[in-house]
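Student: Residue numbers (this note's numbering): -14 to 62. Glycine included, each C-beta is placed from N, C-alpha and C at the ideal position. Please read all numbers here as calculations on a predicted model, not as lab measurements.
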Amino acid sequence: MVEQPFNHIGRVMPSEKITPATASDLADLFEALSDPTRVRIIATLVEGEIGVGELVDRIGLTKSAQCGCIHHSALQV
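1) Compute the Euclidean distance between the alpha carbons of LEU46 and THR7, then round it to the nearest angstrom.
2) Measure the C-alpha to C-alpha separation of PRO5 and VAL24 and round it to an integer number of angstroms.
3) For ILE3, count the other beta carbons within 10 Å of its own beta carbon; 16 or more makes it buried, fewer makes it exposed. Which is it?
4) Can you give me the C-alpha to C-alpha distance between PHE15 and VAL37, rounded to a whole angstrom?
5) Between the alpha carbons of LEU18 and SER9, how many angstroms are there, rounded?
Here it is, written out as structure tokens:
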């Protein structure tokens, strides 16, 4: 059996190196997720599709604050 290399947190490392394009995409994603409010928005939306009004109620931010939070990230779809 061939042993898989492990990284510093004990997970199996990919056998192929990450391309520059993939690294750039991942960096954009990590930057978007670096804001706690964005993480809360995503965690709420993972539960299912909801309207902005309900999202505002659940997260406790104003509609404009949430829109600004998403607008300044790579999370727009």
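Tutor: Here's the rundown:
1) 33 Å
2) 25 Å
3) exposed
4) Rounded to the nearest whole angstrom, the CA to CA distance from PHE15 to VAL37 is 24 Å.
5) LEU18 and SER9: Cα-Cα distance of roughly 14 Å.
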